[in-house]
Each structure stands twice: as structure tokens, then as C-alpha cells.
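In the numbering used here, the protein residues as written are 12 to 375.
Contents: one structure, followed by commentary.
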């Protein structure tokens with residue numbers, strides 16, 4: 012059966028954009044609803060570990076969707092290839108603030124550091140590492156080492172966990188101690204109790220509370236992978252994105268394979284923007300998306316009105332202008348079809364506000 016994302020991909024560009032902003036409004040309304048608020052509070056009370064995910068901008072990798080985790084529980088950090096350096100000041104500050112806030116609330120932090128690959132075709136792997144899975148995995152371990160330097164090597168307060176994501180099946184692979192792995196593809200007949208026992212064997216040094224709170228993600232992923240067994244996914248496992256997002260605050264985009272999301276987490280934003288544009292262009296030329304345009308969406312979250320919102324507006328406009336310049340320089344033909352929208356997100360309510368009338372590029 013076609014997914015909402017796959018049905019949306021075939022619509023004209025204006026209809027796709029309208030549907031996306033409708034989705035953002037629906038997401039904000041749901042996020043603020045009493046039942047959703049209570050569900051989040053209950054989930055966090057049962058599973059208090061703070062969950063951070065370092066991941067690639069690739070639209071096929073949607074951890075909340077693949078683990079059936081309620082939205083608003085996982086904090087994502089996205090960049091080309093999942094390439095991060097915790098020494099970069101802004102990224103380091105965001106991570107440290109998140110960890111300290113959790114610690115003050117008596118919660119530990121589980122930091123999932125992901126890489127991705129395709130079992131069926133290595134060329135469907137990570138563009139950020141030229142489809143070299145070994146290089147992508149090695150970089151994930153480098154990030155884990157930086158996290159240990161930053162937060163302590165006993166892993167009792169912050170536990171950096173390297174995880175693979177196999178995009179053909181949407182399965183997680185947990186890398187534990189001494190080369191041990193837990194591959195969800197090998198656990199299709201496991202019960203939750205068996206999965207929990209295997210997680211303990213794979214990561215015996217992980218604090219009990221963190222194992223307890225990681226297990227729902229793994230059982231959710233197991234159910235997700237089981238459901239996909241036998242389903243034809245030719246278009247889902249290939250790149251089919253038609254949106255480039257730059258900035259933060261995109262958790263309303265819970266449609267897999269729709270957007271390439273680039274966070275402001277490194278000194279070189281031009282490289283991931285150029286790669287994202289190349290992926291969109293390849294999707295267009297291969298006929299995986301319509302040839303009538305793509306969306307460039309810049310967003311910055313803010314907490315308070317006044318100066319905080321004004322600063323978010325400046326950030327979003329800067330990111331939007333910068334991304335447009337890169338795309339025009341590196342992919343002028345693609346830039347002629349660009350629809351540019353700039354927004355800010357009121358983070359407590361997840362409300363996305365567009366800052367100005369959208370611009371439609373011309374070849375002039």
C-alpha cells in the first residue's frame with residue numbers, strides 16, 4: 012500500500028508545499044493537545060533517559076518513525092553523513108546544555124551515534140562518505156570517543172552508542188562492547204524479553220536505566236522491520252527527497268524520504284548544501300520526483316518573544332540566503348526551479364511561522 016510520503020511525491024510542487032505546511036500545522040495542534048502532552052509526560056516518567064541522536068541528513072533515516080517512538084522524545088542532530096566534530100563550538104554548546112539539563116533533572120543521557128548503509132546495493136549508501144560504510148562507521152566511533160572525552164569515560168552519565176541503520180530494511184544495528192552487535196534483522200522471532208537479554212549481553216556496561224529506556228526503541232524497530240517484510244520498497248529505499256531543510260526545528264517532517272535536513276553544526280555549510288542539491292537534482296533527472304521544482308526551507312527555533320524571536324528570524328534569513336547562493340553557484344539549472352520559504356518555530360508549541368511571502372526562483 013502506498014505511504015502518505017510516496018503519494019505526496021507525485022503531486023505538483025505547489026500541492027506538495029501546501030501539504031507540507033498543512034502537516035506542520037497539524038503537528039503543532041497535536042503536539043499542544045492535552046492527550047499528546049500527557050502521553051509525553053507519561054512516556055518520560057516511565058523512560059526518563061534523555062535520548063540524543065546524531066544522524067545523517069538523509070531523508071530515508073527517520074529514527075522516530077523506524078522505532079515507533081512518540082514525537083518530541085528524541086532530540087536529533089543532523090548533518091551530511093552524520094559528520095560531526097564535538098569541538099565545533101555551537102554543536103558542543105548545544106550538546107552540553109542538553110546533557111546538563113538532563114543531569115539536573117536526575118536523568119542520564121543516551122547518545123545514539125548513527126551511520127547508515129544499504130545491504131542490497133552499496134551505491135545506496137551514505138553520500139557523505141562516498142558510500143564507504145567502513146569510513147562512516149569509523150567516524151561514528153570517533154564521535155563516541157569525543158563524547159567520552161567531553162562527558163567521562165565511565166559512561167554512567169552519558170552513554171555514547173554507535174548504531175548502524177540499514178536503509179533497505181530500516182533495521183538498527185547496535186554496536187556494543189568487544190565487537191558484539193545486536194542486529195534487529197537477526198531478531199525477527201525474538202520476544203521483548205529475549206531482545207532485552209541480548210541488549211544486556213551486547214552492552215553489559217550500559218546502566219540498567221538506559222538499557223530499560225533503549226529497549227522500547229528496539230522493540231519498536233523490531234515491529235517496524237517485521238511489518239516491512241515482503242513489502243515492495245523500491246522507491247522508499249532509493250533517494251526520493253524533494254525538500255532541502257537548513258537550520259533546526261523540523262520535527263514536524265515525520266514523512267520518511269521527503270527532506271534532506273542540514274543542521275548548523277559545522278564550519279562548512281556549503282558542502283552539505285551542495286550535496287543535498289546534487290541529490291535533489293539526481294532524483295529529478297531519474298524521474299523519482301516531478302520535474303517542476305523543489306523546496307528550500309530554512310527554520311530556527313525560539314523559546315521566547317522579543318529578542319529571542321528576532322534573533323531566530325535573523326538566523327533563518329541568513330541560512331536561507333546562504334543556501335540559495337550555494338545552490339545557484341553549484342546547480343544553476345536546479346536553482347531555477349527552487350521555491351524558497353523562510354520560517355521560525357516557536358519551540359514550546361512547535362508552531363511554524365513563515366516570515367515573508369515565499370520566493371519562486373527564475374533563471375534570470
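Glycine is no exception: its CB is placed at the ideal position from the N, C-alpha and C atoms.
For residue j and residue i, believed in contact at Cβ under 8 Å, the rounded distance
i, j, result
"residue 254", "residue 183", "At roughly 25 Å, the Cβ-Cβ gap does not stay under 8 Å, so residue 254 and residue 183 are not in contact."
"residue 290", "residue 271", "6 Å"
"residue 92", "residue 147", "6 Å"
"residue 347", "residue 331", "That pair is no contact at about 17 Å."
"residue 165", "residue 236", "About 33 Å separates the two Cβ atoms, so there is no contact after all."
"residue 234", "residue 115", "Their Cβ separation, rounded to whole angstroms, is 34 Å, which puts residue 234 and residue 115 out of contact at 8 Å."
"residue 355", "residue 323", "4 Å"
"residue 142", "residue 127", "Between residue 127 and residue 142 the Cβ distance is about 10 Å, and since that is not below 8 Å, they are no contact."
"residue 266", "residue 19", "7 Å"
"residue 124", "residue 155", "6 Å"
"residue 350", "residue 24", "6 Å"
"residue 359", "residue 314", "7 Å"
Contacts around residue i, its chain only, beta-carbon distance under 6 Å, and the 5 residues preceding and following it disregarded
i, result
"residue 61", "113, 118 and 120"
"residue 362", "39"
"residue 94", "139"
"residue 302", "295"
"residue 226", "207"
"residue 195", "182, 183, 232, 233 and 236"
"residue 209", "193"
"residue 275", "none"
"residue 41", "47"
"residue 319", "313"
"residue 256", "270, 272 and 308"
"residue 131", "179"
"residue 43", "360"
"residue 86", "63"
Close beta carbons around residue i, own chain, < 7 Å, minus the five adjacent residues each side
i, result
"residue 105", "none"
"residue 230", "203 and 206"
"residue 158", "97, 122, 169 and 171"
"residue 29", "none"
"residue 152", "173"
"residue 327", "258, 309, 310, 311, 353, 354, 355 and 366"
"residue 211", "222"
Proximity to residue i [Cα-Cα], best of the options
i, options, result
"residue 73", "338, 219, 287 and 264", "264"
"residue 277", "287, 81, 100 and 35", "100"
"residue 366", "311, 344 and 340", "311"
"residue 268", "178, 29, 143 and 336", "178"
"residue 134", "250, 261 and 326", "250"
"residue 258", "200, 352, 71 and 174", "352"
"residue 69", "21, 242, 144 and 273", "273"
"residue 338", "239, 42 and 292", "292"
"residue 109", "64, 71 and 129", "64"
"residue 81", "198, 232, 321 and 211", "232"
"residue 163", "199, 77 and 107", "107"
"residue 261", "31, 23, 129 and 221", "31"
"residue 340", "288, 350, 319 and 132", "288"
"residue 67", "314, 23 and 150", "150"
"residue 297", "256, 161, 321 and 252", "252"
"residue 316", "286, 345, 86 and 357", "357"
"residue 75", "176, 304, 243 and 345", "176"
"residue 228", "167, 219, 132 and 77", "77"
"residue 167", "33, 220 and 103", "220"
"residue 304", "325, 345, 286 and 329", "345"
"residue 90", "321, 325, 336 and 286", "286"
"residue 71", "329, 160, 129 and 198", "129"
"residue 161", "325, 103 and 144", "103"
Proximity test, residue i beta-carbon vs the ligand MG heavy atom, cut-off 7 Å
i, result
"residue 196", "Because no ligand of any kind appears in the structure shown, any question about the ligand MG cannot be addressed here."
Contacting residues, own chain, Cβ-Cβ under 8 Å from residue i (five flanking each side not counted)
i, result
"residue 224", "58, 59, 60, 62 and 121"
"residue 200", "none"
"residue 21", "301"
"residue 364", "354, 355, 356 and 357"
Test: residue i CB closer than 8 Å to a CB of chain B
i, result
"residue 292", "The structure shown contains no chain B; it holds only a single protein chain."
Review point. Just checking, does the stretch 212 to 222 make contact with the stretch 171 to 190 on the three C-beta pairs under 8 Å criterion?
Key: Enough Cβ pairs lie closer than 8 Å, so yes.
Check your understanding: Quick one: complete alpha helix (DSSP H) runs, 4+ long, within the stretch 271 to 356?
Key -> Listed in chain order, they are 281 to 296, 318 to 341 and 343 to 346.
Review point. Would the stretch 49 to 59 and the stretch 280 to 289 be scored as touching if the rule is three or more Cβ pairs under 8 Å?
Key: Touching, no.
Check your understanding: Which full runs of the beta strand (DSSP E) of 3+ residues lie inside the stretch 84 to 116, going along the chain?
Key -> Counting only runs that start and end inside the stretch 84 to 116, the beta strand (DSSP E) elements of at least 3 residues fall at 85 to 90.
Review point. Which runs of the alpha helix (DSSP H) fall wholly inside the stretch 163 to 250 and span at least 4 residues, in chain order?
Key: The stretch 163 to 250 contains these whole alpha helix (DSSP H) runs: 203 to 213, 219 to 239 and 245 to 248.
Check your understanding: Hey, which unbroken runs of the alpha helix (DSSP H) at 4 residues or more fall wholly within the stretch 22 to 59?
Key -> Entirely contained in the stretch 22 to 59, the alpha helix (DSSP H) runs reaching 4 residues are, in chain order, 24 to 43 and 45 to 57.
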